[in-house]
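To keep things clear, I will list the structure first and then write my remarks on it.
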Amino acid sequence: MRIKAALWLMLALPAWAQPQPAADWVVYQDGAQLQLAIDGNALWLGKDGLVHFINQERFAKQRYEKSYRLHFYIRRTTGYADCKQYQYVFVGSEYFDKNNKHLFSTMFPVPRHAWKWQPVSQDSVAHTMMKVICDAAGSANQ
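Numbered by mature numbering (1 follows the signal peptide of the UniProt record, and there is no 0), the letters in the sequence shown go through residues -17 to -1, 1 to 125 in order.
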């Protein structure tokens, strides 16, 4: 009976309240001081053609975010990629300690009218990030 009740509860919850799949970090740069990765399970393609993604920066040494007065080791930034225009925008951030314990999240994403698109040059780290995102966009959930 408890199992049935739990199952009905899960089905009744809105999609955003249900457990999310574990992250599948696809590393696109791995150095001694910094590792950069994209969560393969967080990619989805919107009806507007933009690809939603989460980028992770994992630092070897503790960093300090002055605007939030926060020490952290991991920053995960939510963003959107426009693979046709080859540009991206970051809209929100989460911060974690070295044990992956959540420390802080920006409360609201940057509203769409205030997005500041970043163009990507071919010889940049952002190019490598965009390549991972845009290559996966063909198989991203819509």
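Positions of the beta carbon are idealized from the N, C-alpha and C atoms, including for glycine. Computed from a predicted model, the values in this text were never measured in an experiment.
Do you know offhand how far residue i's Cα is from residue j's?
i: A120; j: V9; result: 14 Å
i: L86; j: D31; result: 32 Å
i: A25; j: A15; result: 26 Å
i: R41; j: Q18; result: 5 Å
i: V115; j: Q101; result: 16 Å
i: A97; j: S104; result: 22 Å
i: S50; j: A64; result: 25 Å
i: K81; j: T89; result: 19 Å
i: K84; j: L28; result: 29 Å
i: V93; j: T60; result: 12 Å
i: Q39; j: D118; result: 18 Å
i: S107; j: Y56; result: 23 Å
i: D7; j: S76; result: 18 Å
i: A20; j: Y78; result: 15 Å
Among the options, which has the Cα closest to the Cα of residue i?
i: D22; options: S50, R58 and K49; result: R58
i: Y11; options: C117, F36 and M112; result: M112
i: V34; options: V72, D106 and E48; result: V72
i: G62; options: R52, S107, F79 and I37; result: I37
i: R95; options: K84, D106, V74 and Y78; result: V74
Report, in whole angstroms, the separation of the C-beta atoms of residue i and residue j, which I expect to be a contact under 8 Å.
i: H54; j: Q45; result: 5 Å
Tell me where the beta strand (DSSP E) around residue i begins and ends.
i: V108; result: That residue, V108, is in no beta strand (DSSP E); its alpha helix (DSSP H) goes V108 to A120.
i: K44; result: V34 to E48
i: A64; result: L53 to D65
Leaving out five residues on either side along the sequence, give the residues of the same chain with a beta carbon under 6 Å from the beta carbon of residue i.
i: A43; result: Q16
i: H110; result: V103
i: Y47; result: H54
i: C66; result: C117 and A120
Within the same chain, show all residues whose beta-carbon is closer than 7 Å to that of residue i, passing over the 5 residues directly before and after it, in chain order.
i: Q70; result: W100, Q101, P102 and V103
Taking 8 Å as the CB-CB limit, is residue i close to chain E?
i: F79; result: This model lacks chain E altogether, as it is built from one protein chain only.
Excluding the five sequence neighbours on either side, which residues of its own chain have a C-beta within less than 8 Å of the C-beta of residue i, listed in chain order?
i: A5; result: N24
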